[in-house]
Every structure is written in structure tokens, then in C-alpha cells.
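First up is the structure itself, then whatever we jot down about it.
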Amino acid sequence: GENVEQHPSTLSVQEGDSAVIKCTYSDSASNYFPWYKQELGKGPQLIIDIRSNVGEKKDQRIAVTLNKTAKHFSLHITETQPEDSAVYFCAASPQTGANNLFFGTGTRLTVIP
Amino acid sequence: DAGITQSPRHKVTETGTPVTLRCHQTENHRYMYWYRQDPGHGLRLIHYSYGVKDTDKGEVSDGYSVSRSKTEDFLLTLESATSSQTSVYFCAISPGLAGTDTQYFGPGTRLTVL
Chain A
6 GENVEQHPST LSVQEGDSAV IKCTYSDSAS NYFPWYKQEL GKGPQLIIDI
56 RSNVGEKKDQ RIAVTLNKTA KHFSLHITET QPEDSAVYFC AASPQTGANN
106 LFFGTGTRLT VIP
Chain B
26 DAGITQSPRH KVTETGTPVT LRCHQTENHR YMYWYRQDPG HGLRLIHYSY
76 GVKDTDKGEV SDGYSVSRSK TEDFLLTLES ATSSQTSVYF CAISPGLAGT
126 DTQYFGPGTR LTVL
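These protein sequences, in sequence, are chains A and B.
Take the first sequence: its position 1, counted from the start at 1, is 6 in this note's numbering, and no numbers get skipped.
Take the second sequence: its position 34, counted from the start at 1, is 59 in this note's numbering, and no numbers get skipped.
Quick look at the structure:
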């Protein structure tokens, strides 16, 4: 099955700086890559996703890039704010059967005011 | 949380007892999923359902069973709880239509097995 690796596991940045989280996947059949933000005591919330026919997608301060040849994708957060502090998860889906999501192990982002 | 509720939100039980967790959705989505979240493992799929009475196993299904008798409800049962099943359990839903495979998660149930 799919194996998703996520780095770094923890990340601290100064408010206003950029944050980058990287993920790699193993199954070349994966073609859907969502990113989730999870705040303490809550469920994961989808923040952005990208499909394999697109190389980059942006939504305000958040962007995701995908390199299918290298099998990696990244989350970029610009102008970070304290409310961006949370755990971020990447996931990949081979879009077969039930569209199972395979998750990375998470990155705890801390934005220092 | 996209019209998803989970109950109970917290539960403490003893080894060997049966436990049932409930997921309820108001979105009329076709697909429903149960994941568990453990430190160092991210979220892992336990079971999923692609319609009423249609279910299948995920990657960590041993010790768990599910049932879906109505579109809106998906139950996860631990027949005889073990300490290794102490975890946070999340339900997710998805429309299941082509190009709309996004999964939306509920608030979670924290289960402790003593």
C-alpha cells in the first residue's frame, strides 16, 4: 500500500516568516493530495488539496506544490500568524475503491509572536 | 465539522468490555470512514462504508467491526476492548462522486481502555 513520509515533525517560525512542510509518497498511482490542519482537541480540517493534473495551487497565504516525477508535495504558508499554530497532516490517495487516504505522521507548527 | 457528530466524545472502559462508537452525518454523503489516530502514526483507516450495509476493511481492522444500517449512521464496535485500542477515533465522510472525493472529519472520540 501507499507510504507517506512527512518532514519535519516539528517546526518553529517567527510570526511573519514562511513555513514549508514536505511529504513524499511511494505509490505512483496516487493522484489526490490533501492537507489537513488539526487544532488541539479537534478533528482534522481540510485546508487545501491538489490533484495530479496540477503542479501548484494557491489559496491566499497557503500554497501546495506537487512533483509527480519525484513523488513529493509540499505545503507553503506565507506571512505566518499565531493562529497558524497547529499540527498539519499531508495525505495521498490512489483514488481506487473507497478513495482511501494515507496520512503522514504530522508536523507540529509553532508560530512565535 | 461538516455536519458530523460523534458520540461519545470521551469514554473510559476496562479491558474485555464491548464498546460501540457512533458517527452521525447530516450531509447524506455516500462514503463514511473510521480512522484511529496515535502518536507517531498519523491517522490510519480502520473500516469504511460505501453505502448502507456495504462495508470493507482498512489497514488496521483487526479487533474492530462496523455496521451501517442507515445512510446517516456508521457504528464502530470493539467486541472486547484491549489496551492497544486506546486511541482517538475519527469518523470522516465523503460524497463519493467523481472529482468530489474530499473527506471531512468529525470532532473525534477519545477512548481509554484500562
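Note that CB positions come from ideal geometry on N, CA and C, so glycine has one too.
Along chain A, in chain order, which residues have C-beta atoms closer than 9 Å to that of residue i?
i	result
G131/B	G48
F115/B	G48, P49
Can you look up residue i in the DSSP assignment and give me helix, strand or coil?
i	result
Q86/A	coil
Q43/A	strand
Q110/B	helix
G18/B	Lying outside 26 to 139, the shown extent of chain B, residue 18/B is not represented and no answer is given.
E97/B	coil
H12/A	strand
V138/B	strand
K36/B	strand
Taking Cβ-Cβ distances shorter than 9 Å, what residues in chain B pair up with residue i?
i	result
F78/A	Here the premise fails: no neighbours, minimum Cβ distance about 15 Å.
G6/A	E84
D64/A	Correct list: empty, because the minimum Cβ distance to chain B is about 14 Å.
Quick one: give me the first and last residue of the beta strand (DSSP E) that residue i is part of.
i	result
S32/B	29-32
S105/B	From DSSP, S105/B is part of no beta strand (DSSP E); its letter is neither H nor E.
In chain A, which residues lie less than 8 Å from residue i when you measure between Cβ atoms?
i	result
H35/B	Going along chain A, no residue has its Cβ under 8 Å from H35/B, so there is no contact; the nearest lies around 10 Å.
L28/B	Note on identity: in this sequence residue 28/B is Gly, with Leu being the wrong assignment. Residues of chain A passing the Cβ test: none, with the nearest at roughly 12 Å.
What does the Cβ neighbour count give for residue i, buried or exposed, with the cut at 16 atoms within 10 Å?
i	result
T140/B	The structure shown does not extend to residue 140/B, since chain B is modelled only from 26 to 139, so the question has no answer here.
R61/B	buried
P39/A	buried
L68/B	buried
From residue i to residue j, what does the alpha carbon distance come to, in whole angstroms?
i	j	result
N8/A	H77/A	12 Å
K78/B	S92/B	7 Å
S14/A	K36/B	29 Å
Y58/B	E44/A	20 Å
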